[in-house]
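**Q** Numbering (the working numbering), first residue to last: 26 to 236.
1. Pull up the distance between the alpha-carbon of residue 158 and that of residue 115, whole angstroms please.
2. One question on the structure: do residue 160 and residue 205 come within less than 9 Å of each other, judged by their Cβ atoms?
3. Name the two residues that bound the continuous beta strand (DSSP E) containing residue 214.
4. Per DSSP, what kind of secondary structure is residue 72 in: helix, strand or coil?
5. Measure the C-alpha to C-alpha separation of residue 55 and residue 31 and round it to an integer number of angstroms.
6. Could you spell out where the alpha helix (DSSP H) holding residue 87 opens and where it closes?
7. Measuring alpha carbon to alpha carbon, tell me which of 87, 96, 39 ends up nearest residue 110.
8. When you compare the segment 225-235 with the segment 195-203, are there three or more beta-carbon pairs, one atom per stretch, that lie closer than 8 Å?
9. With DSSP run on the structure shown, which of helix, strand or coil describes residue 52?
10. Answer yes if the segment 95-109 comes into contact with the segment 121-128, meaning at least three C-beta pairs across the two stretches below 8 Å, and no otherwise.
11. Tell me the residue span of the beta strand (DSSP E) that contains residue 202.
12. Please return the same chain residues whose Cβ sits closer than 7 Å to the Cβ of residue 36, not counting the five positions on each side in sequence.
13. Do you know how far the Cα of residue 137 is from the Cα of residue 185?
14. Note down, one range per segment and in chain order, each alpha helix (DSSP H) of at least 4 residues found wholly within the segment 137-196.
Written as structure tokens, this is what we have:
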């Protein structure tokens with residue numbers, strides 16, 4: 026397997042599982058620890074994964090780690106990896122509500138049970154990762170059931186903050202979650218092109234570029 030093919034496979038695993046460990050990748054691909062670390066470095070430089078101690082993770086899991094020290098926080102999530110981040114921290118003054126539902130390959134909980142649970146809640150701020158974003162399709166996902174659950178989360182929330190790196194621009198999944206103008210804030214990275222920035226600033230409430 027060529028390095029480019031292996032890196033693509035690693036990226037797909039991170040997207041599907043929420044995070045991966047170096048040791049697991051070494052066993053999966055039958056290469057050295059150093060080779061995997063070079064792959065992760067290359068993916069991180071392209072903004073495709075975020076490196077953490079021992080492996081790589083998705084943007085939303087990285088965000089969860091940043092919220093661990095917020096006192097009195099109540100977290101509502103349909104992501105098993107995100108819930109696991111908070112579970113391992115175990116702060117007495119934090120509460121984590123896992124919606125329940127059918128588990129997808131990306132470890133998201135979806136379906137009628139999840140949607141009904143979400144509809145009974147009132148959320149101050151929703152941080153949402155997406156598969157793709159474009160001017161004509163908005164924020165999208167390739168999974169119809171995930172889209173339904175994500176739309177329920179958007180409806181239950183007062184503010185929508187979308188977290189999407191530059192590689193998501195002009196990617197279009199089969200189902201739309203929300204229009205661009207529904208986002209109060211969009212957080213992306215410095216790899217986002219000038220044309221994309223010009224298009225987004227006219228649609229989203231606020232565009233934040235993280236270096």
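Built from N, CA and C at the ideal position, the CB exists for glycine as well.
**A** Taking the structure as given:
1. So the alpha carbons of these two residues sit roughly 34 Å apart.
2. yes
3. 210-214
4. coil
5. 11 Å
6. 84-91
7. 87
8. no
9. helix
10. Short answer: they touch.
11. Residue 202 -> beta strand (DSSP E) spans 200-203.
12. 68, 73, 74.
13. 22 Å
14. Here the runs fully enclosed are 137-144, 169-180.
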